[in-house]
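First comes the structure, then the notes that go with it.
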Amino acid sequence: AFIHAIEKNYALYQSYIAEGLKHEIQATDVQKWSAEDEYATFVQTVHLRLPLDWLKDKVIVDSLGLHSNNQRHTNETEKILTTSDLILYVSYFNHAFTDNDKAFIEHMKNINQLKEQQAFKMVINATDLA
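So the mapping is simple: the working numbering equals the position in the sequence shown, first residue as 1, plus 909.
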């Protein structure tokens, strides 16, 4: 999919890549630009702005995952983890604290990324059952 995206669309996005330009999209296109390889191949990050007082001066990042098949996803997640003040690790109620969850926490300890001032919280999610 990556090679196909490059072959098909590189010429369209070459100037954005070369000059580090930003491309604004509509909220209805977030899924396409963040998940479909044809477009996502050319995206480093997606920024969404919500006009909420409690979010003023805050940034929430949904990482791509540490153990992705895509090395770029893993690298980006490592970068996010090392620069965050708070890490919310979300797990699902029906398989909370799995071997993957334990491995992630161990990974954080092993690479000494959980700094003193950095908070780590595990959240158990069941909202998809409502």
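Ideal Cβ positions, reconstructed from N, Cα and C, are used throughout, including at glycine.
Continuous alpha helix (DSSP H) stretch holding residue i: start and end
| i | result |
| --- | --- |
| Lys1030 | Not the alpha helix (DSSP H): Lys1030 falls in the beta strand (DSSP E), residues 1028–1034. |
| Ser972 | Note, Ser972: premise wrong, no alpha helix (DSSP H); not H, not E. |
| Gln940 | 939–944 |
| Lys988 | 980–992 |
Endpoints, the beta strand (DSSP E) within which residue i is located
| i | result |
| --- | --- |
| Ser1000 | 995–1001 |
Residue i, DSSP secondary structure in three states
| i | result |
| --- | --- |
| Ala914 | helix |
| Lys1011 | helix |
| Ile926 | helix |
| Glu947 | helix |
| Lys1018 | helix |
| Ala936 | helix |
| Leu961 | coil |
Selection from the options that minimises the alpha carbon distance to residue i
| i | options | result |
| --- | --- | --- |
| Gln940 | Val952, Lys931, Gly929 | Val952 |
| Glu1041 | Thr991, Ser977, Ala910 | No answer is possible for residue 1041: the residues shown for the chain start at 910 and end at 1039. |
| Gln923 | Asn978, Asp938, Tyr948, Asn1003 | Tyr948 |
| Ser972 | Glu916, Phe1002, Glu985, Thr992 | Glu985 |
| Leu997 | Asp1010, Thr950, Asp966 | Asp1010 |
| His956 | Asn978, His976, Glu916, Glu933 | Glu933 |
| Tyr1001 | Asp966, Lys965, Gln1027, Met1031 | Met1031 |
| Ile926 | Asn1003, Ala1028, Ile915 | Ile915 |
Residue i Cβ short of 8 Å to the ligand FAD heavy atom set
| i | result |
| --- | --- |
| Asn1003 | Looking at this structure, you won't find the ligand FAD or any other ligand, since it has none at all. |
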